[in-house]
Structure formats: C-alpha cells, structure tokens
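Q:
Protein chains: 2
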Amino acid sequence: MTTISAEPRTCSVARTLEVVGEKWALLALREVFLGNRRFDEMVRKTGAPRDTMTARLKTLVATGILERRPVSEHPPRFEYRLTKAGLDLYPVIVSLMQWGDRYLANGDAPPMVLTHSCGHALGAVTTCSSCGEPLLARDVRPTPRRENDDDIST
Amino acid sequence: MTTISAEPRTCSVARTLEVVGEKWALLALREVFLGNRRFDEMVRKTGAPRDTMTARLKTLVATGILERRPVSEHPPRFEYRLTKAGLDLYPVIVSLMQWGDRYLANGDAPPMVLTHSCGHALGAVTTCSSCGEPLLARDVRPTPRRENDDDIST
DNA sequence: AGCAGTAAGTCCGATAACTGGACGTACTGG
DNA sequence: CCAGTACGTCCAGTTATCGGACTTACTGCT
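Chains as they are written, first to last, in my numbering: chain U, 1 to 154; chain B, 1 to 154.
(1) Can you check DSSP and say which residues form a bridge with B:Glu22?
(2) CA-CA distance, B:Gly21 and B:Lys84?
(3) Is U:Arg30 helix, strand or coil when you go by DSSP?
(4) Rounded C-beta distance between B:Arg38 and B:Glu79? I'm assuming under 8 Å.
(5) Is it right to say B:Ser12 is buried, meaning 16 or more other beta carbons lie within 10 angstroms of its own, or is it exposed?
(6) Any contact of the stretch 124 to 131 of chain U with the stretch 45 to 59 of chain U, i.e. 3+ C-beta pairs under 8 Å?
(7) In angstroms with no decimal places, state the Cα-to-Cα distance between B:Arg30 and B:Ile93.
(8) For the alpha helix (DSSP H) containing U:Ser130, name the first residue and the last one.
(9) Straight-line CA distance for U:Ala121 to B:Leu26?
(10) Sorted by chain position, which residues of the same chain lie with C-beta nearer than 7 Å to U:Leu135's C-beta, five sequence neighbours on each side aside?
(11) Output needed in chain order: residues of the stretch 8 to 21 of chain B with a Cβ under 9 Å from some Cβ in chain U.
(12) Tell me, please, which residues DSSP counts as bridged to U:Pro70.
(13) Under 8 Å Cβ-Cβ, which residues of chain B neighbour U:Ala55?
(14) Buried or exposed: which applies to U:Thr16, given that a residue is buried once 16 or more other Cβ atoms fall within 10 Å of its Cβ?
(15) Using a Cβ-Cβ cut-off of 7 Å, state whether U:Asp101 counts as contacting chain B.
(16) Between the C-alpha atoms of B:Cys118 and B:Asp101, what's the straight-line distance to the nearest angstrom?
(17) Going along chain B in order, which residues have a C-beta closer than 8 Å to the C-beta of U:Leu26?
(18) Got a sec? Which residues, its chain only, sit under 8 Å from B:Glu41 by beta carbon, not counting five neighbours each side?
(19) Return the CA-CA distance between U:Ala62 and U:Arg77, expressed in angstroms with no decimal places.
(20) For U:His74, count the other beta carbons within 10 Å of its own beta carbon; 16 or more makes it buried, fewer makes it exposed. Which is it?
(21) Which bits of chain U does B:Glu41 rub up against, with CB to CB less than 9 Å?
(22) Could you please tell me which residues of the stretch 107 to 130 of chain B, in chain order, have their CB closer than 9 Å to any CB of chain U?
(23) Among the residues of its own chain, which have a CB less than 8 Å from the CB of U:Gly123, if the five just before and after it don't count?
(24) Between the Cα of U:Asp88 and those of B:Arg138, B:Arg50, B:Val71, spot the shortest distance and give me the residue it belongs to.
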C-alpha cells in the first residue's frame, strides 16, 4: 500500500507564496495599495526591471489579485486595480512594513508613516478573531487531526 | 544641487523583503513556528533544495531572525530557534496562510487548522492598534510629509 | 567489527530566472 | 516635425535554483 509522499507539506502559506512569494510581486502590490496603478509608475517606484514587472503583473492578474483594465483607448493606457482578493492581501503588506519599521530602522524614523481613518498613525496588530487578543505564536498550535498526520484516509 | 534619485522608494516593505522575501525563507520560518527546528526536517517538510535552505538559514541567522545553536556536541547537531525578531514575523506567516485558506482552497477545507489558546480555531484579523477596528486598505493613507515628497531637506 | 542509518551540510553541472539597456509602437502637445 | 510619455518586448550576460551525489561524524544493531 503506497502512501503518497507526505513530505513537502502543502499548506496555504506555500500556496500563497507560489503567487506572491517574490519581492517584485509584493512591491508592485505595495504601489497599488498606495494608489499607483500604472505600469511605468510601478517600475519607477519599485526599481524592478520592466521585464520582471511585466511577468509579475501577468501572474497577479492571472490569479485574480489584480485586474488590468484599459483606462484610455486611443493612446492605449492601462491601469492595474486590486480585486477583492487583492485587497485582502493588505494585512500581508502591512505586517511586512510593521516588522521592517521595528527591526530594520537603524534607529531612524520609519521611511513612511500611514494614517488610519481614526486619526492616528497606523500601528497594526494581528488578533484572534474569536477572543480578540493580540496573536502570539506561543498561543497557537496545530489542531490535532483525527487521522494519521502524514496520510489521508480514503 | 544634486538630488538623490528618489525613485526606487525605500520603504520598510522593501527592506523586509530583502531578508524574508523569498519562498524558502518564509517556508523555513513556517516550519520553525510549527516547532521543527532542525535542518533536515525543514528540508523535508518544505521541499527546498538543501543548498538553498543552507543559504536561506544563513541569512535568517545573520539578520537575527533565527539563532543557530548546538543541541548536541558529539554527534554535532544544531537547532534553529526564533529570536524575538523572528517571533514578531508571526503575523506575516499567519496572514499569508489566512489568505491562502480563503482564496486558494478550491472549495476544500484548509490543509491545516490552527487552534488558539482561547479554544477556538484561529482566524486572524489585523486591526488598528489605536481604535481596534479591523484594518481595511481604504481607511489608510500615507501621512503627508512636511517636505517635498521626493526630496529630503538638509 | 561491520553494516545501515541519520543529521547537517557541501559540491556539481544543467537549467531557469533575473538584470540593465536598447528598441518598438502608439500616441500627445508644442 | 520633434520631444516626450506610456507600455511593453527583445537581447545577451550574469546569477540563482535545482536535483542528485557525496562527505563527515556519529549511533545502534547484529
């Protein structure tokens, strides 16, 4: 009875990284979140090679994170807009930024400050949706599975 | 008066991605968060080439995200443990997982469920630390700077 | 003692991806 | 007509990644 090699774990982290797990993809998204939806702008503000940006945008569109829509017919111009799925990647971007502000700042002020609509500078906290407490790694465990951990029963 | 090219924006997202902005680095971290701290285990569970894993772990250690500590002298064995900085990357991993669960599940159940110490299955919500509201991209704006946006005054 | 096995890497050659820069096309505005 | 912008594509050179074999240092079994 052959067991399918359970080894490389397929989890949602891995799946997500197949799509956005690369510097330029995430930086392109950062720009879109900042309101810059045009190809050249993304290239300039991120520093990505145009080729690479083309490729990343293509997969972001293919996965339904961005939508490429014409914004002018006659000089053919396009805009990349966030879909619902794209908007939901905001926590990823914000947590990356938050971490960088804390640990890569070299004592300088953060290079960019965001303001929340409540009027304060943004600090993001990831919380448990059930109890509302800030999320700490030590408070979280994989839920034990009914079946063998390495094998899925028929 | 030469202005430093303001073009490729240096923000904390970019800085953070220089360190963890790659699939295998994040997947290695996922494993450490799940309690697998050994080289071979990370290789097996992530599917990364051993070479690449070596390289990633090296930079994670160099940046102070992981600590490589001997766990046995005589068969020389090592363990990679999260530092404080490493633990603070938890929100990044969790948001990636969360997003994958929502958008890459194909209607299947999430491949892994986490349980929070409050007793419920983990759903993570990123909130504003000032007002506590769930964070939506549309409620956040870059804080206007005093000086020109592209130039830093002397 | 001899053999199998594990842990933690290193080394290798083939392939794939990334890179910067030049180029193409389709326009607008002066 | 010329300069400029937007949105790419094409190229050739460099770098990174990949899977697999190999090394070193042990332990445990027979």
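All C-beta atoms in this analysis are idealised placements derived from N, C-alpha and C, irrespective of residue type, glycine included.
A: Judging by the given coordinates:
(1) Within the second sequence, the letter at position 22 stands for residue 22 of chain B. The partner list for B:Glu22 (beta bridge, DSSP) reads U:Glu22.
(2) Stepping through the second sequence from its first residue, residue 21 of chain B is reached at position 21. Stepping through the second sequence from its first residue, residue 84 of chain B is reached at position 84. Looking at the two C-alpha atoms, the distance is approximately 19 Å.
(3) As a working note, residue 30 of chain U is residue 30 in the first sequence. Correct three-state label for U:Arg30: helix.
(4) Here the question's residue 38 of chain B lines up with position 38 in the second sequence. Here the question's residue 79 of chain B lines up with position 79 in the second sequence. Yes, B:Arg38 and B:Glu79 are in contact; Cβ-Cβ is about 6 Å, under 8 Å.
(5) For this step, residue 12 of chain B is matched to residue 12 along the second sequence. Buried.
(6) no
(7) Residue 30 of chain B sits at position 30 when you count from the first residue of the second sequence. Residue 93 of chain B sits at position 93 when you count from the first residue of the second sequence. Here the alpha carbons of B:Ile93 and B:Arg30 stand approximately 7 Å from one another.
(8) As a position in the first sequence, residue 130 of chain U is number 130, starting the count at 1. Per DSSP, U:Ser130 belongs to no alpha helix (DSSP H) and is neither H nor E.
(9) In the first sequence, counting from the first residue as 1, residue 121 of chain U sits at position 121. In the second sequence, counting from the first residue as 1, residue 26 of chain B sits at position 26. Rounded to the nearest angstrom, the two C-alpha atoms are 28 Å apart.
(10) Mapped onto the first sequence, residue 135 of chain U falls at position 135. Once the five neighbours on either side are set aside, the close Cβ partners of U:Leu135 are Thr126, Thr127, Cys128.
(11) Pro8, Arg9, Thr10, Cys11, Ser12, Val13, Ala14, Arg15, Thr16, Leu17, Glu18, Val19, Val20, Gly21
(12) As a position in the first sequence, residue 70 of chain U is number 70, starting the count at 1. U:Pro70 pairs with U:Phe78.
(13) Against the first sequence, residue 55 of chain U aligns to sequence position 55. Going along chain B, no residue has its Cβ under 8 Å from U:Ala55, so there is no contact; the nearest lies around 16 Å.
(14) Residue mapping note: residue 16 of chain U aligns to position 16 of the first sequence, counting from 1. Under this definition U:Thr16 is a buried residue.
(15) Position 101 of the first sequence, counted from the first residue, corresponds to residue 101 of chain U. Output row for U:Asp101: interface = yes.
(16) As a position in the second sequence, residue 118 of chain B is number 118, starting the count at 1. As a position in the second sequence, residue 101 of chain B is number 101, starting the count at 1. Distance between the alpha carbons of B:Cys118 and B:Asp101 is about 21 Å.
(17) As a first step, residue 26 of chain U is located in the first sequence; it is residue number 26 there, counting from the start. Within 8 Å Cβ-Cβ: Val13, Leu17, Gly21.
(18) Against the second sequence, residue 41 of chain B aligns to sequence position 41. Counting only Cβ-Cβ distances below 8 Å, and skipping sequence neighbours, we find Glu31.
(19) The residue labelled residue 62 of chain U in the question sits at position 62 within the first sequence. The residue labelled residue 77 of chain U in the question sits at position 77 within the first sequence. The alpha-carbon atoms of U:Ala62 and U:Arg77 are separated by roughly 19 Å.
(20) Here the question's residue 74 of chain U lines up with position 74 in the first sequence. Exposed, by the Cβ-count rule.
(21) The sequence position of residue 41 of chain B within the second sequence is 41, counting from 1. Those do not exist, as B:Glu41 stays about 10 Å from chain U at its closest Cβ, beyond 9 Å.
(22) Pro110, Pro111, Met112, Val113, Leu114, Thr115, His116, Ser117, Cys118, Gly119, His120, Ala121, Leu122, Gly123, Ala124, Val125, Thr126, Thr127, Cys128, Ser129, Ser130
(23) Numbered from 1 along the first sequence, position 123 holds the residue referred to as residue 123 of chain U. These residues qualify, in order along the chain: Gln98.
(24) Indexing the first sequence from 1 puts residue 88 of chain U at position 88. Checking every option, the nearest Cα to that of U:Asp88 belongs to B:Arg138.
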